[in-house]
Amino acid sequence: MNAKQRSPVPGLPSSRWMMVWGAVLVVAVIAFMWNLFVMLRDTNRDAAYLELVGNLRVYSQQIDTSARVAVAGDTEAFTALEIAREAFDSALGELDNGRDGLPSPRDMLAGELAVLKKIWSEIDAAAATIVAKKESIQFLGEISKQLNDSIPEVQKKSGRIAEILAASGANARQVAQAERQAWLAERISRNVDRMLQGGSDASAAAEQFSSDTDRFLGILGGMLGTNQTVGTAALSGADALVLANEVEALFRVVGSSKSRIADSSTDLKQARTAADSIVQNAPKLFNATSVAADRITNFEDERQLNTGSALIFGVLIVIALVMIGVQSTLNTRRRLAMTGETNERNQQAI
3 MNAKQRSPVP GLPSSRWMMV WGAVLVVAVI AFMWNLFVML RDTNRDAAYL ELVGNLRVYS
63 QQIDTSARVA VAGDTEAFTA LEIAREAFDS ALGELDNGRD GLPSPRDMLA GELAVLKKIW
123 SEIDAAAATI VAKKESIQFL GEISKQLNDS IPEVQKKSGR IAEILAASGA NARQVAQAER
183 QAWLAERISR NVDRMLQGGS DASAAAEQFS SDTDRFLGIL GGMLGTNQTV GTAALSGADA
243 LVLANEVEAL FRVVGSSKSR IADSSTDLKQ ARTAADSIVQ NAPKLFNATS VAADRITNFE
303 DERQLNTGSA LIFGVLIVIA LVMIGVQSTL NTRRRLAMTG ETNERNQQAI
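In my numbering, the protein residues as written are 3 to 352.
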């Protein structure tokens with residue numbers, strides 16, 4: 003039997019057959035190594051994508067929490083909101099556009115990114131509104147605190163003025179107006195608190211605040227003799243005048259900032275609406291990040307070079323090695339047979 007007849011591939015010489023399987027082995031090994039390299043590279047990229055999405059999830063929760071606390075006047079919450087907002091925008095930008103050493107997964111994550119960007123645009127606008135109203139919110143919070151601190155003293159002094167007027171024989175109307183001051187001061191403070199809460203009655207509270215403040219200051223001006231248009235008689239007793247001046251000093255900030263307080267109420271209402279928008283959209287944003295994370299974990303199955311292709315190349319390597327081994331064994335047997343035949347002929351010749 004000659005070499006061609008001994009070849010496992012009919013019509014193909016053994017040497018060429020060895021070259022074919024050798025070439026298959028080389029190509030399979032190169033492909034297998036490249037497959038492993040690409041898989042490792044893509045695995046690292048997917049880990050980076052998942053880290054970005056995880057950061058987005060954390061930032062969305064921080065924005066949700068900070069927005070609600072910020073509209074209550076917490077200074078640190080405004081800072082936290084700005085930081086979380088910038089961090090979310092940066093992370094989303096990296097996920098959408100990529101960065102050095104990390105290409106964007108936009109082609110494989112197009113739908114999920116579109117949803118994320120749509121929800122984020124609404125939350126980002128709402129967060130920007132809250133940050134823009136920071137000064138008004140803090141101002142209104144400071145006024146509320148000052149009022150809550152000073153109102154008990156204002157009520158006490160107003161009550162003392164009423165007692166002095168009653169004891170001095172003042173007419174009933176003048177005494178009633180002095181007593182009414184204590185009630186007005188309490189209602190002014192309560193309306194500022196209602197404005198801070200930013201509920202559906204915030205606008206009504208702002209209107210009542212302006213009206214009560216005008217009435218309070220008008221009566222106080224009449225007592226001090228600086229406003230004769232309200233029909234309030236000026237105080238004549240030294241003790242009552244001292245008390246009235248002390249009330250005026252306690253209430254001076256509110257009186258001089260009445261318009262700004264009312265305007266701040268409008269700003270606060272807008273900030274509250276923005277915070278409500280964030281609260282409503284935050285769960286949607288959180289869910290969108292979860293969907294994106296699930297999608298990223300399935301990237302490997304969608305790539306051409308994955309575990310399956312590595313297995314195929316590995317099988318090819320094994321087949322090539324087996325076939326090369328088989329051919330090597332056949333070649334060895336053939337050489338031994340040829341050597342035996344040669345020796346036999348030599349013996350016969352001898």
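Think of the CB as a built atom: it goes at the ideal place given N, C-alpha and C, for glycine as much as any other residue.
Which listed residue (the options) has its alpha carbon closest to that of residue i
| i | options | result |
| --- | --- | --- |
| LEU219 | VAL22, ASN247 and ALA93 | ASN247 |
| LYS135 | ASN283, ALA169 and SER267 | SER267 |
| GLY100 | VAL73, ASP44, SER68 and TYR51 | TYR51 |
| GLN210 | GLU96, SER62, LEU222 and SER191 | SER191 |
| ARG305 | ARG18, ILE32, ASP48 and ALA127 | ASP48 |
| GLY95 | ILE65, LEU58, ARG182 and ILE125 | LEU58 |
| GLY103 | ASP44, VAL281, LYS286 and THR131 | ASP44 |
| LEU252 | VAL71, ALA25, LEU38 and VAL156 | VAL156 |
| ILE221 | GLN176, VAL256, VAL244 and GLU188 | GLN176 |
| PHE90 | ALA112, ASP66 and GLY75 | ASP66 |
CB of residue i within 8 Å of CB of residue j, strictly
| i | j | result |
| --- | --- | --- |
| VAL227 | ALA240 | First, the residue type needs correcting, since residue 227 is Gly and not Val in the sequence shown. No, Cβ-Cβ distance for GLY227 and ALA240 is not below 8 Å. |
| LEU198 | LEU270 | yes |
| LEU186 | ILE263 | no |
| VAL73 | ALA277 | yes |
| MET41 | PHE301 | no |
Nearest-angstrom Cβ-Cβ length linking residue i and residue j, presumed shorter than 8 Å
| i | j | result |
| --- | --- | --- |
| ALA178 | ARG196 | Not really, about 26 Å apart at Cβ, beyond 8 Å. |
| PHE2 | PHE315 | In this structure the chain extends from 3 to 352, so residue 2 is not present and cannot be described. |
| ASP160 | ALA174 | The sequence shown places Ser at residue 160, not Asp. Their Cβ separation, rounded to whole angstroms, is 16 Å, which puts SER160 and ALA174 out of contact at 8 Å. |
| ILE132 | ALA69 | 6 Å |
| MET325 | TRP36 | Not quite, the Cβ-Cβ distance comes to about 22 Å (not below 8 Å), so this is no contact. |
| SER279 | ALA128 | 4 Å |
| THR215 | LYS158 | No, THR215 and LYS158 are not in contact; Cβ-Cβ is about 19 Å, not under 8 Å. |
Helix, strand or coil at residue i [DSSP, three-state]
| i | result |
| --- | --- |
| ARG305 | coil |
| LEU111 | coil |
| LEU104 | strand |
| LEU219 | helix |
| LYS286 | helix |
| VAL73 | coil |
| SER138 | helix |
| THR228 | coil |
| ALA236 | coil |
| GLY161 | helix |
| ASP203 | coil |
| ASN37 | helix |
| ALA300 | This sequence places Asn at residue 300; Ala is not what is there. In the structure shown, ASN300 sits in coil (DSSP, three-state: anything other than H, G, I, E or B). |
| SER123 | helix |
| ALA172 | coil |
Any chain B beta carbon closer than 8 Å to residue i
| i | result |
| --- | --- |
| LYS136 | Absent from the structure: chain B. Only one protein chain is present. |
Count the CB pairs spanning the stretch 283-299 and the stretch 167-175 that are closer than 8 Å, and state whether there are at least three. no
Count the CB pairs spanning the stretch 74-81 and the stretch 117-130 that are closer than 8 Å, and state whether there are at least three. no
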